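What follows is a set of notes on a single structure, which appears directly below.
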Amino acid sequence: MNHSSTSRGPSAGPPPPPAQRRPITDKPTPPHAGRSSLTLAGASITGLFLLALLHSLHAARALFLPITLALLLYLLLTPVVRLLTRLRLPEPAGAGLVLLLFSIVVAAGLYSLADPAREWMDKIPSALETLDAKLRPLKQSAKQMSQAKTAVEQIAQGPAADAAPEVAVKTDWQIPVLGWTAAVAAEIGAALVLLYFLLCSGDFFTHKLLIVLPTEEDRRRVGETIRGIERQLSRFLFNSLLQNAGAAGLFALALWTIGLPNPALWGAATLLLQFIPYLGTIFVVGVVTLAALLSFQDLWWIAFPGAFYLALMWIKGMFVTPTFLGQRLALNPVAVLISLLLWGWVWGIAGVFLAVPLFASLKIVCDHIPRLQSLGQFLGR
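If you want our numbering, it's the position in the sequence shown, counting the first as 1, plus 178.
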């Protein structure tokens, strides 16, 4: 009997089941999705921490401002204390001697400048009269234009009722000034006391930090990082103060040469205002030009102080600062302006003066920590 060709043999098994398809919605998770969410969460936490820190610094100014000032002065003066220690002078005695000499120099400078500053304050009324006389032609033209504008407005509005008399309220300006002076004196006193104990401590806090590290390699690496940061910060502060003092001395000498009254006062003001980039330069040029306008008649001598100061700052920025500090400490101008605004909001005038040292300190710290070197490059020029 012939079998059909379609019959299966005994070895043939059942047909294979159809292949199961994975649901279309079951897509593999990208490997970077979890990492991105963690990065976003970390950035959010860091931003909230920075906002809380700035608010705390602003609210507790009386606490944090003396501490910051003491730390900056410690970095400036500690090389001198260490030099005296190498000369066999005990650290408490060396710290007391350095702090005493520093206080005497600052107090003597303020005392010597008190009389010239008071003289200029007394001259303000007569100086304003002199300035008014020199600007009278311009004011006459502006007054005529203002009168013509007022006449046109009165014609358009018609007759107006008699205006009510203005009441001027005089306030005693000495009371808030005395309160502000007392607060500043208290902050400076607290900073000086803390500065003395910091100078006496030497490397005490560094040793305490290194002791808690687990391995000798960690202690060596962290110790080198701390010493490098401290050394570069001290170098930056000392060189900045030296350059500002040299520029202020040259500027005062130039003002004395042309016969501008009280050149030492303008030199001291220049020394302080150089710590405020850009804005300090504008303020110095405006003030000395006004003083020259009140003291001279010739236009050349009136323009000379401001032009000389601008040339001096250009030479300092182009040649002197790169020579002493190098391009590594060149700061980003936009970031510097933001730092001025930020610290001015946090601590007022004191924050404006401390903005550049604090900004440079942040850049130096970032340059010495591998994980923050990208931020240090952004803060640089």
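The C-beta atom is built at its ideal place from N, Cα and C for all residues, glycine as well.
No experiment lies behind these values; they were computed from the predicted model shown.
{"Asked": "Buried versus exposed call for Asp-545 [16 or more other C-beta atoms within 10 Å across all chains shown]", "Found": "buried"}
{"Asked": "Leu-288 at chain C interface by Cβ criterion, 8 Å", "Found": "You won't find chain C in this structure, because it holds only one protein chain."}
{"Asked": "Residue from Trp-492, Ser-379, Ser-281, Thr-393 with nearest C-alpha to Lys-421", "Found": "The question names Lys, yet the displayed sequence has Gln at residue 421. The candidate whose alpha carbon is nearest that of Gln-421 is Trp-492."}
{"Asked": "Local conformation of Leu-509 per DSSP, three classes", "Found": "strand"}
{"Asked": "Span separating the alpha-carbon of Ala-485 from that of Pro-439", "Found": "18 Å"}
{"Asked": "Residue environment, Thr-448, which counts as buried when at least 16 other CB atoms sit within 10 Å", "Found": "buried"}
{"Asked": "Rounded Cβ spacing between Gly-272 and Val-259 (contact assumed at less than 8 Å)", "Found": "5 Å"}
{"Asked": "For Met-299 and Asp-340, the rounded distance between their alpha carbons", "Found": "Summary for Asp-340: the model assigns pLDDT 49, below 50, so the residue's position carries little reliability; its value from the coordinates is reported in the next sentence. Their Cα atoms are separated by approximately 39 Å."}
{"Asked": "Helix, strand or coil at Gly-558 [DSSP, three-state]", "Found": "strand"}
{"Asked": "The segment 448-464 in contact with the segment 537-557 per 3-pair CB rule at 8 Å", "Found": "no"}
{"Asked": "Length of the line joining the Cα atoms of Val-276 and Tyr-374", "Found": "9 Å"}
{"Asked": "Per-residue DSSP class, three states only, for Val-390", "Found": "coil"}
{"Asked": "Start and end residues, alpha helix (DSSP H) containing Met-491", "Found": "477-493"}
{"Asked": "Residues near Arg-559 in its chain [Cβ-Cβ closer than 7 Å; skip 5 each side]", "Found": "Ala-508, Leu-509, Asn-510"}
{"Asked": "Counted within 10 angstroms of its Cβ, other Cβ atoms place Ile-454 as buried (16 or more) or exposed", "Found": "buried"}
{"Asked": "Proximity of Leu-550 and Ala-533 at Cβ, strictly below 8 Å", "Found": "no"}
{"Asked": "Span separating the alpha-carbon of Phe-474 from that of Ile-480", "Found": "6 Å"}
{"Asked": "Three-state secondary structure (DSSP) of Phe-453", "Found": "coil"}
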